[in-house]
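K.L.:
This is the structure, below, for whatever I ask next.
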Amino acid sequence: MRTILHSDCNNFYASVECVFSPELRGKPIAVCGDPSERHGIVLAKSDAAKKCGIKTGEAVWTARQKCPELIVVPPCGEKYVRFSHMMRDIYAEYSDHVEPFGLDESWLDVTGRDGMEIACSLRRRALKELGITLSVGVSFNKVFAKLGSDMHKPDATAVITPRNYKQKVWPMPACSLLFIGRATMHRLYAYGLNTIGDIVRADPESLHTLFGKNGDTLYAYAAGKDDAPVMPISETDDIKSVGNSTTPAFDICDYSDAGRILYLLCDSVAERMRKKHFRCRTVTLWLRDTQLQSFTRQMKLERPTDLSADLSRAALALLRESWAADRPLRSLGVQGGDLMDIRNGAQLSILPDPLASRQAVLEKTADQLHARFGAEALYRGVLLRQDHRLLRAAPDSSLAATNMAAVSGRQS
Amino acid sequence: MYLRTYVQVSAIFDENGVVTPVSISLRGKTYSIDRVLGKRPAPALKSGGQGIRYTVRIGSSETYLFLDAENRWFVEEKAADANSI
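The listed protein sequences derive, respectively, from chains R and L. Following this note's numbering, the numbering of the first sequence begins with 1 at its first residue and continues without gaps. Following this note's numbering, the numbering of the second sequence begins with 1001 at its first residue and continues without gaps.
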């Protein structure tokens, strides 16, 4: 039987901020983006803020209504990435199979050793060396280990074994299972499947009929039959996708603005792919409306590409398919996935495409100009028709950039 | 209340890359480090911050000296002491 650990850094961003500002300890603090850039949402909060009912993802102004004495701290991504790397260095001393899940969570495969002892050692070291606390779940698969780390917070270990999982896991709400989003949660509740135990007791075939392949996965997860391996450290460093998203300072109400922003995003994504010697086979468009409802659409490309022209063509087609300009958009994102590393050789087309070759030369020349003279040395003509608010939405600009998957170690 | 006070440090870098601080300069005064008693990553619990924490003996007193991620050395100093100079 495997021994899998899931380690979750408690209130990660807020905890790191407290390490640098001890006077914040014990107070209600929230790490929030800048409201003037329309990034004013709660990214992380301390336990004291949590007690006031503040939730991750809510707007700063509603958080302040719930807790007038709330201390708002701006985020410092660099610091969080550094702490995350230090934490992963500690994990690597215990196992060569460490799979990160975001900056603050990781799975470790420590099969053959005492999981409880390692969990306690990890918690002790995180506190002693970094000043942060962990919740660690110990179990025989990844899904239950993750549930274990959610059970007791902060600074705790929970063990879920083949003997106790029916008592510990099955009474938990169905939505606590990994990968169950809001939509699936509502559907599960509509069918009366309120707990994880309800999912196991349901007929697997009915689940398949209702949820397709996801129904099979749901059943397997709930029944403790998840056999997904924890990836080795070397493989988790692999880049799975390259993407960018942005929340401009204005709502996007028509195709013309949306199109311009997509061009900017595609330029940035393509340039980064070329720099990393990748070509993508799929393009994903991510949209979020002003009600904060997000959705993604994906398209497979005819041939792998690292050209902005190909990405923007696909992204614009996806935009037309998925958005009727009937509701304003708040954020847009583009991601190239299913990457191919062209350092190992690229598949050549039987029929050469002179247009694509010319486009490649053009875009590589643009890369060189950007590298020598900066991002604003050369930009698309479509942007000249607009005021400078769009340039502020440029993903490469430091003014309004947010990475969607950046150079991510996992598929988003 | 404690402050994170950045200091100038003289250190020996040996042939294996091991760094050993030998003296600290603070506001024009140099303090010789008699002995390094310990070294490990740790948070600076009083002043805030995190880095490699050196436990050092200066004269008869023990104190912590931190080397942070930006290669800057700092000590935890009582706010009253810092203001009195």
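For every residue, glycine included, the Cβ atom is placed at its ideal position computed from N, Cα and C.
Can you give me, in chain order, the residues of the segment 127-140 of chain R that have a beta carbon less than 9 Å from any beta carbon in chain L?
P.N.:
If the cut-off is 9 Å between Cβ atoms, the segment 127-140 of chain R has L127, K128, E129, L130, G131 and I132 near chain L.
K.L.:
When the cut-off is 7 Å and only beta carbons count, does A1011 (chain L) lie next to chain R?
P.N.:
A1011 (chain L) does not count as touching chain R.
K.L.:
Less than 7 Å between the C-beta atoms of S331 (chain R) and C266 (chain R), yes or no?
P.N.:
No, the pair does not count as a contact, with Cβ atoms beyond the cut-off.
K.L.:
Hey, is G1049 (chain L)'s beta-carbon within less than 7 Å of any beta-carbon in chain R?
P.N.:
Yes, its Cβ sits closer than 7 Å to a Cβ of chain R.
K.L.:
Check the C-beta distance from D227 (chain R) over to N141 (chain R) and give it rounded, since I have them as a contact under 8 Å.
P.N.:
Contact holds; Cβ gap of about 7 Å.
K.L.:
Going straight from the alpha carbon of I90 (chain R) to that of R1057 (chain L), what length do you get?
P.N.:
Rounded to the nearest angstrom, the two C-alpha atoms are 28 Å apart.
K.L.:
Assign L391 (chain R) to one of three DSSP states: helix, strand, or coil.
P.N.:
Any reading at L391 (chain R) needs caution, since the residue's pLDDT is 49, under 50, leaving its predicted position unreliable; the model's value is listed next. Note: L391 (chain R) maps to helix in three-state DSSP.
K.L.:
Quick one: grab the DSSP three-state call for Y91 (chain R).
P.N.:
Note: Y91 (chain R) maps to helix in three-state DSSP.
K.L.:
Any residues in the segment 61-73 of chain R with a beta carbon nearer than 8 Å to a beta carbon of chain L? Which ones, in chain order?
P.N.:
From the segment 61-73 of chain R, no residue has a Cβ closer than 8 Å to chain L.
K.L.:
Is T133 (chain R) helix, strand or coil when you go by DSSP?
P.N.:
Here T133 (chain R) sits in coil by DSSP.
K.L.:
Secondary structure at C253 (chain R), three-state DSSP: helix, strand or coil?
P.N.:
Reduced to three states, the DSSP call for C253 (chain R) is coil.
K.L.:
What did DSSP end up calling Q291 (chain R) once you bin it into helix, strand or coil?
P.N.:
It is coil, neither helix nor strand.
K.L.:
If you measure from the beta carbon of A1069 (chain L) to each beta carbon in chain R, is any gap under 7 Å?
P.N.:
Yes, its Cβ sits closer than 7 Å to a Cβ of chain R.
K.L.:
When you compare the CB positions of D251 (chain R) and T290 (chain R), do they come within less than 7 Å of one another, or not?
P.N.:
It is a contact, given that the beta carbons lie within the stated cut-off.
K.L.:
Please work out which residues of its chain come closer than 7 Å, Cβ to Cβ, to G53 (chain R), disregarding the five sequence neighbours upstream and downstream, and give them in chain order.
P.N.:
Excluding sequence neighbours, G53 (chain R) sits near K66.
K.L.:
Grouping DSSP H, G and I as helix and E and B as strand, with all else coil, what is W286 (chain R)?
P.N.:
Strand at W286 (chain R).
K.L.:
Closer than 7 Å, Cβ to Cβ, to anything on chain L: give me those residues from the segment 5-24 of chain R, in chain order.
P.N.:
Cβ contacts with chain L: V19, F20, S21 and P22.
K.L.:
Answer yes if the segment 22-32 of chain R comes into contact with the segment 114-121 of chain R, meaning at least three C-beta pairs across the two stretches below 8 Å, and no otherwise.
P.N.:
Flag = no, the segment 114-121 of chain R and the segment 22-32 of chain R do not touch.
K.L.:
So what's P229 (chain R) in DSSP terms, helix, strand or just coil?
P.N.:
It is coil, neither helix nor strand.
K.L.:
Mapping the DSSP letters down to three states, classify P354 (chain R) as helix, strand or coil.
P.N.:
Reduced to three states, the DSSP call for P354 (chain R) is helix.
K.L.:
Assign K300 (chain R) to buried or exposed, taking buried as 16 or more other Cβ atoms, counted over all protein chains shown, within 10 Å of its Cβ.
P.N.:
Per the 10 Å Cβ criterion, exposed.
K.L.:
Tell me which residue opens and which closes the beta strand (DSSP E) that H6 (chain R) is part of.
P.N.:
Note, H6 (chain R): beta strand (DSSP E), I4 to C9.
K.L.:
Check the C-beta distance from L262 (chain R) over to L316 (chain R) and give it rounded, since I have them as a contact under 8 Å.
P.N.:
The pair is a contact, with the Cβ atoms about 6 Å apart (cut-off 8 Å).
K.L.:
By Cβ distance, which residues of its chain are closer than 6 Å to L1026 (chain L), with the 5 residues on each side in sequence left out?
P.N.:
Counting only Cβ-Cβ distances below 6 Å, and skipping sequence neighbours, we find V1007.
K.L.:
What distance in whole Å lies between the Cβ atoms of A1079 (chain L) and Y1002 (chain L), which are believed to be in contact at a cut-off of 8 Å?
P.N.:
Correct: roughly 7 Å between the Cβ atoms.
K.L.:
In terms of residues, what are the limits of the beta strand (DSSP E) holding P1043 (chain L)?
P.N.:
R1035 to P1043 is the extent of the beta strand (DSSP E) around P1043 (chain L).
K.L.:
Is P1041 (chain L) close to chain R? Criterion is C-beta to C-beta, closer than 7 Å.
P.N.:
Cβ-Cβ to chain R under 7 Å: yes for P1041 (chain L).
K.L.:
Which runs of the beta strand (DSSP E) fall wholly inside the segment 7-70 of chain R and span at least 3 residues, in chain order?
P.N.:
If we require 3 residues or more, the beta strand (DSSP E) runs fully inside the segment 7-70 of chain R come out as 29-32 and 42-45.
K.L.:
Are the CB atoms of S135 (chain R) and D8 (chain R) within a distance shorter than 7 Å?
P.N.:
Going by C-beta atoms, D8 (chain R) is nearer than 7 Å to S135 (chain R).
K.L.:
Report yes if the CB atom of S322 (chain R) is closer than 7 Å to the CB atom of R297 (chain R), and no otherwise.
P.N.:
Contact: yes.
K.L.:
Measuring CB to CB, does E129 (chain R) end up less than 7 Å from P1021 (chain L)?
P.N.:
No. Outside cutoff.
K.L.:
For K1046 (chain L), return the contacting residues in chain R, with the cut-off set at a CB-CB distance below 9 Å.
P.N.:
Ordered by position in chain R, the residues that pass the 9 Å Cβ test against K1046 (chain L) are P22.
K.L.:
Any idea what DSSP makes of I1012 (chain L), helix, strand or coil?
P.N.:
I1012 (chain L) falls in the strand class under three-state DSSP.
K.L.:
Evaluate K146 (chain R) with the Cβ neighbour count: other Cβ atoms within 10 Å of its Cβ, from every protein chain shown; 16 or more gives buried, anything less gives exposed.
P.N.:
So K146 (chain R) counts as buried.
K.L.:
Helix, strand or coil, according to DSSP, for A156 (chain R) in the structure here?
P.N.:
Strand, per DSSP.
K.L.:
Tell me whether S106 (chain R) sits in a helix, a strand or coil according to DSSP, three-state version.
P.N.:
Correct three-state label for S106 (chain R): strand.
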